[in-house]
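Numbered by the numbering used here, the letters in the sequence shown go through residues 204 to 568 in order.
Please read the structure below before turning to the comments.
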Amino acid sequence: MKIDDDKATAVVREAAASLDRGDQPNAAWVTKVEKLSELCAASSRTHMAFFGTVAIAKSVNKDADLFAIKPEHAGDNKNAFSARILSENVLVPLSAEIGFNIGTTGRQPLNNQPYFRMTRLGDNTPVQRKSLPAFTYMLELVKELAALKTEAEAQAVLRAFIFVRKKHQLKYSFREGGSSITPEQLIAAVSAFVTENSEGGKRAQAVVAGFMDIFAGVDAVESGRINDPSRKYPGDVCVRDQDSDELQKAIEVRDKPVSANDVQIFAKKCIDMGAREAAVVMVSEKQPKLDSEALDAWAVQFGIGVTLFHGWKDFIEQVLFWCDQPKPEATNEAVGLIRDRLVLVEVSPAGVDLWDKLATTKTSS
Numbered sequence: 204m205k206i207d208d209d210k211a212t213a214v215v216r217e218a219a220a221s222l223d224r225g226d227q228p229n230a231a232w233v234t235k236v237e238k239l240s241e242l243c244a245a246s247s248r249t250h251m252a253f254f255g256t257v258a259i260a261k262s263v264n265k266d267a268d269l270f271a272i273k274p275e276h277a278g279d280n281k282n283a284f285s286a287r288i289l290s291e292n293v294l295v296p297l298s299a300e301i302g303f304n305i306g307t308t309g310r311q312p313l314n315n316q317p318y319f320r321m322t323r324l325g326d327n328t329p330v331q332r333k334s335l336p337a338f339t340y341m342l343e344l345v346k347e348l349a350a351l352k353t354e355a356e357a358q359a360v361l362r363a364f365i366f367v368r369k370k371h372q373l374k375y376s377f378r379e380g381g382s383s384i385t386p387e388q389l390i391a392a393v394s395a396f397v398t399e400n401s402e403g404g405k406r407a408q409a410v411v412a413g414f415m416d417i418f419a420g421v422d423a424v425e426s427g428r429i430n431d432p433s434r435k436y437p438g439d440v441c442v443r444d445q446d447s448d449e450l451q452k453a454i455e456v457r458d459k460p461v462s463a464n465d466v467q468i469f470a471k472k473c474i475d476m477g478a479r480e481a482a483v484v485m486v487s488e489k490q491p492k493l494d495s496e497a498l499d500a501w502a503v504q505f506g507i508g509v510t511l512f513h514g515w516k517d518f519i520e521q522v523l524f525w526c527d528q529p530k531p532e533a534t535n536e537a538v539g540l541i542r543d544r545l546v547l548v549e550v551s552p553a554g555v556d557l558w559d560k561l562a563t564t565k566t567s568s
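In C-alpha cells form, the structure reads like this:
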C-alpha cells in the first residue's frame, strides 16, 4: 500500500484547520497523547514522531497495517506501508508548517533506534531501557488505533495528537518594548524611506550603517557625515576589527546606476586604504546587471573580495541571516539602530519622523 502524500497532507491540514475553527479534540485521546508526551520527554522522543506517523496512515486509509511499516519486509501484505517515507514527506514538513512538535528535529525522525532496525513493529527489536516505558505505552496506543474501524475515528486521534503537540511547540516572543515589524516589512520600509527623499545619500548611508551595527556591533562600524572632508574611510560605511583596529570591510551605497568601472574605482580605493573586502549596495531601479564573475577575477589580482548587492532586499536578507541574533530580533533592533544613524548623519527631522512612521508597522495577528 502506498499512502498518497497529497491525500495525507490534505488530511493533516484539515485536522489542524478543524482545531483552528474551534472544534474540540477527543478528550480521551488528548489524555493519552499527553501521557505519551510525558513519557517521551524523559526518554526517547522518536516515539512521538512514530505515533504521529501511524495516526496519519490510519486517517488516510483505515486498512493500513500499522505494524507492517516496512513493505520490503512484509511479504504479500498489501496493507503494509512505508512509515519512513510518510514521516519524511508528510509529518515533518507539516509539523513545521502548522507548528506542532513531533519530538524530533531532524528530517528523518524514524532513522533512529529502534525503528531503523525494525522489520515490523513489535518484532522484539531491542529498545533502550530508559525509553522502554514510553515505547510500551505507545505500542498499546498503536494497537488501540489499529482497532478503529473508520478513517473518521482515526482522524479524531490525529486531531488530538496535533492539539497536544502544538502545546509542546517552542515559541519565542519579542523583547519587551520592541517593534514587531517583520523582515519583509522592514525591507519595504527601507525602500520607501530612501525612495521618498535620498537627502543627498544620507538616508541610504544611515540604513546601511544601522544594519552593519547589527552585524558587527556599533563600536566596530565607522560612518561619518556625507561629503565630510575629514572622513578617512574608503566607503560610506566601514567595519573595523575590534582587536587590531584594521579595516575589514568597506561598503559604498549608490542610488544611481553603477558601472563595472565604478566598482573598480571604489575597490581600488579600498586597496589603497587597507580594506580587504569591498561591497557596493546598488539600489537604483535602473541598475543594470553587472558581470560579477569578471569583477571577481579582477579583484583576485589584488587579493581582495568584491561583493555586489542588487537592491535593498538582497543586502538586508544577507545581513539578517549572518548576524548573531535570530532574524526576528535582529529585524526589530535594526529599526532603532537605523534611527540612531539617521540622527548621526543629520537627516532632516521630517525624515526621522517618516522613518518612525514607516518602521512601526506591526505584524498582523
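Built from N, CA and C at the ideal position, the CB exists for glycine as well.
Can you tell me where the alpha helix (DSSP H) with Val166 in it begins and where it stops? Residue numbering for the chain in the displayed model covers 204 to 568; residue 166 lies beyond these limits and cannot be assessed.
State buried or exposed for Val421, treating a residue as buried only when at least 16 other CB atoms are found within 10 Å of its CB. exposed
The segment 257-264 / the segment 208-219 touching (three or more Cβ pairs under 8 Å): As far as the Cβ criterion goes, the segment 257-264 touches the segment 208-219, which means the pair count is three or higher.
CB-CB under 7 Å to Phe377, same chain, minus the five flanking residues each way: which ones, in chain order? Its pLDDT being 48, under 50, Phe377 is placed unreliably by the model, and nothing is read from it.
Among Leu545, Phe418, Phe414 and Asp439, whose alpha-carbon lies nearest the alpha-carbon of Ser426? Asp439
Among the candidates Phe418, Gly278 and Ala252, whose CA atom is the shortest distance from the CA of Val293? Checked all of Phe418, Gly278 and Ala252; the closest Cα to Val293 is Ala252.
Close beta carbons around Leu289, own chain, < 7 Å, minus the five adjacent residues each side: Non-local beta-carbon contacts of Leu289 in its own chain, meaning distances under 7 Å to residues more than five positions away in sequence, involve Ile206, Ala211, Thr256, Ile259 and Ala260 in chain order.
Label Glu387 either buried or exposed according to how many other C-beta atoms from any shown protein chain fall within 10 Å of its C-beta, with 16 as the threshold for buried. exposed
Among Lys452, Val233 and Met204, nearest to Asp279 - alpha-carbon criterion: Met204
In the structure shown, what three-state DSSP assignment does Ile384 receive? coil
Rounded C-alpha distance that separates Glu356 from Lys374: The alpha-carbon atoms of Glu356 and Lys374 are separated by roughly 30 Å.
Below 6 Å CB to CB, which residues in the same chain sit around Val410 once its five sequence neighbours on both sides are set aside? Val393 and Ile541
Own chain residues within Cβ distance below 8 Å of Thr307, not counting five before or after: Arg248, Thr249, Met251, Ala252 and Asn315
Measuring straight from C-alpha to C-alpha, what distance separates Arg569 and Leu348? Residue 569 lies beyond the range of the chain shown here (204 to 568); nothing can be said about it.
Would you kindly report the start and end of the unbroken alpha helix (DSSP H) that includes Gly325? Neither: Gly325 is in no alpha helix (DSSP H) and is coded neither H nor E.
Could you tell me which residues DSSP puts in a beta bridge with Arg457? Met485
Candidates Thr353, Ile272, Gly302 and Cys473, of which the one nearest Val367 by Cα: Gly302
Would Leu547 and Glu399 be called neighbours here (beta carbons separated by less than 8 Å)? Their beta carbons are not under 8 Å apart, which means Leu547 does not touch Glu399 by this criterion.
Is Cys473 near Ala497, with beta carbons less than 8 Å apart? no
In chain order, what residues of the same chain lie with their CB nearer than 7 Å to the CB of Val550, ignoring the 5 residues before and after it? Excluding five sequence positions before and after Val550, the CB atoms of its chain that fall closer than 7 Å to its own CB belong to Glu402, Lys405, Arg406 and Ala409, given in chain order.
Determine, using beta-carbon pairs with one atom in the segment 227-244 and one in the segment 335-345, whether at least three such pairs fall under 8 Å. yes
Whole angstroms are fine: how far does the CA of Val456 sit from the CA of Asp499? For Asp499 and Val456, the gap between their C-alpha atoms comes out near 19 Å.
How close, in whole Å, do the beta carbons of Ile272 and Leu324 come, if the pair is a contact with beta carbons under 8 Å? Indeed they touch by this definition, with Cβ atoms about 6 Å apart.
With DSSP as the reference, label Phe512 as helix, strand or coil. strand
Got a sec? Which residues, its chain only, sit under 6 Å from Phe364 by beta carbon, not counting five neighbours each side? Val236, Gly255 and Ala258
In its own chain, which residues sit with a C-beta less than 7 Å from the C-beta of Val233, not counting the 5 before and 5 after it? Ala363, Phe366 and Val367
Which listed residue (Val263, Arg443, Lys369 and Asp494) has its alpha carbon closest to that of Glu480: Relative to the Cα of Glu480, the nearest Cα in the group Val263, Arg443, Lys369 and Asp494 belongs to Arg443.
What three-state label does DSSP hand Cys526 in the structure shown? coil
Since Val397 and Val538 are thought to touch, with beta carbons under 8 Å apart, how far apart are those beta carbons, to the nearest angstrom? That pair is no contact at about 15 Å.
Cα-Cα, which of Leu389, Phe518, Asn464 and Ala359 is closest to Lys265? Ala359
Going by DSSP, what residue range makes up the alpha helix (DSSP H) through Arg362? Arg362 -> alpha helix (DSSP H) spans Glu354 to Lys370.
Report the three-state DSSP secondary structure of Val548 (helix, strand or coil). coil
By a C-beta neighbour count over all protein chains shown, 10 Å radius and 16 as the cutoff for buried, is Ile519 buried or exposed? The residue in question, Ile519, is buried, as its Cβ has 16 or more Cβ neighbours within 10 Å.
If you run the structure through DSSP and keep just helix, strand and coil, what is Glu343? helix
What I want to know is whether the C-beta of Ala244 ends up closer than 7 Å to one or more non-hydrogen atoms of the ligand COA. Absence of the ligand COA is noted for the structure shown, with no ligands found whatsoever.
Only counting the same chain, and skipping five residues up and downstream in sequence, which positions put a Cβ closer than 6 Å to that of Arg287? Leu313
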